[in-house]
Amino acid sequence: ASGDKKYKRILLKLSGEALTGTEKFGIDPKVLDQMALEIGQLVGIGVQVGLVVGGGNLFRGAALQAAGLDRVTGDHMGMLATVMNALALRDALERSNIATQVMSSIPMSGVVDHYDRRKAIRALGNGDVVIFSAGTGNPFFTTDSSACLRGIEVEADLVLKATKVDGVYSADPFKDPEAVKYERLTYDEVLDKKLEVMDLTAICLCRDHKMPVRVFEMEKQGALLNIVRGGQDGTLIE
Ligand code: UDP
């Protein structure tokens, strides 16, 4: 079954918000189990999976700042939130018998390993899922940027960004019925049209290092597996 894939190594970015599912706050275990199932299907056909999970379900620096906190402190809280999400995701993956390692950009001895690119590449090569947590370790960045950064560093073939809609639209499809979906975009089109796909830092990083990004809908069952097999779900930015 291992020949049955287009991409050998991917970096999947999951938003923190998605983890809330039907809960009011925090993490919905049912969502974790569903994600573990879909990631397990990739591992099952021999795809090496790196994961970055956001923290927006718990804390975001910008929102904390708006509420009166110091921005950098808020960003630190946001990054720590991603570590909690990563631990929850590891738990779900390991319960599904998928070997998983969590690395953190902020050293957290005794809880998770400190990020080490060579160790990450080795673990991915062994077939372990590696979750890159604590963002880039720096304030004023997002987990979209850390996903692209880690994806480029570990030489992933593709960055996959899971969202609520099935790709990139000309306008917000929830608000504008005229919105049309793009099948493909260049990095410069994303920048020129000011499409809100990922923050500009993330897009520029991918452009400069020629890392393709596919934006897709996580809730569409089978989409993830289809994409690694060469399917055209969502929007490809390259
Ligand atoms: N964050 C940060 N530096 C990083 C990545 C994340 O400071 O390199 C902080 C930032 O405050 C951000 C929060 O962590 O709002 C959670 O990440 P993000 O908003 O990207 O999560 P998502 O929207 O994907 O759930």
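For the sequence shown, counting from 1, position 82 maps to 85 in the UniProt record's numbering; every step adds exactly one. Backbone N, C-alpha and C fix where the C-beta goes; we use that ideal spot for every residue, glycine too. Here the structure is a predicted model, which is why all the values come from computation and not from measurement.
Between the C-alpha atoms of residue i and residue j, what's the straight-line distance to the nearest angstrom?
i: residue 193; j: residue 125; result: 33 Å
i: residue 72; j: residue 61; result: 15 Å
i: residue 1; j: residue 19; result: No answer is possible for residue 1: the residues shown for the chain start at 4 and end at 241.
i: residue 143; j: residue 204; result: 10 Å
i: residue 16; j: residue 129; result: 21 Å
i: residue 136; j: residue 176; result: 30 Å
i: residue 183; j: residue 172; result: 5 Å
i: residue 52; j: residue 149; result: 15 Å
i: residue 48; j: residue 11; result: 10 Å
i: residue 233; j: residue 168; result: 19 Å
i: residue 114; j: residue 107; result: 9 Å
i: residue 87; j: residue 21; result: 14 Å
i: residue 191; j: residue 241; result: 9 Å
i: residue 209; j: residue 33; result: 32 Å
i: residue 164; j: residue 97; result: 23 Å
i: residue 219; j: residue 228; result: 11 Å
i: residue 166; j: residue 201; result: 11 Å
i: residue 99; j: residue 42; result: 10 Å
i: residue 13; j: residue 24; result: 24 Å
i: residue 174; j: residue 187; result: 15 Å
i: residue 231; j: residue 180; result: 30 Å
i: residue 162; j: residue 217; result: 6 Å
i: residue 206; j: residue 195; result: 12 Å
DSSP puts residue i in a beta bridge; with which residues?
i: residue 217; result: 163 and 239
i: residue 53; result: 14 and 133
i: residue 116; result: 106
i: residue 188; result: 240
i: residue 111; result: 115
i: residue 171; result: 185
Residue i and residue j look like a contact to me (Cβ under 8 Å); what is the Cβ gap, rounded to whole Å?
i: residue 133; j: residue 101; result: With 8 Å as the limit, residue 133 and residue 101 do not qualify as a contact, their Cβ atoms being about 11 Å apart.
i: residue 58; j: residue 82; result: 7 Å
i: residue 138; j: residue 146; result: 5 Å
i: residue 105; j: residue 84; result: Wrong, their Cβ atoms sit about 14 Å apart, outside the cutoff.
i: residue 221; j: residue 151; result: With a Cβ gap of about 18 Å, residue 221 and residue 151 do not count as contacting.
Just to check, is the beta-carbon of residue i closer than 6 Å to a non-hydrogen atom of the ligand UDP?
i: residue 139; result: yes
i: residue 144; result: yes
i: residue 242; result: Outside the displayed range of the chain (4 to 241) lies residue 242, so it cannot be described from this structure.
i: residue 201; result: no
i: residue 107; result: no
i: residue 53; result: no
i: residue 136; result: no
i: residue 112; result: no
i: residue 29; result: no
i: residue 78; result: yes
i: residue 173; result: no
i: residue 20; result: yes
i: residue 149; result: yes
i: residue 154; result: no
i: residue 130; result: no
i: residue 57; result: yes
i: residue 38; result: no
i: residue 49; result: no
Would the C-beta of residue i count as close to the ligand MN, meaning under 6 Å from any of its heavy atoms?
i: residue 63; result: For the ligand MN, the structure offers nothing, since it holds only the ligand UDP.
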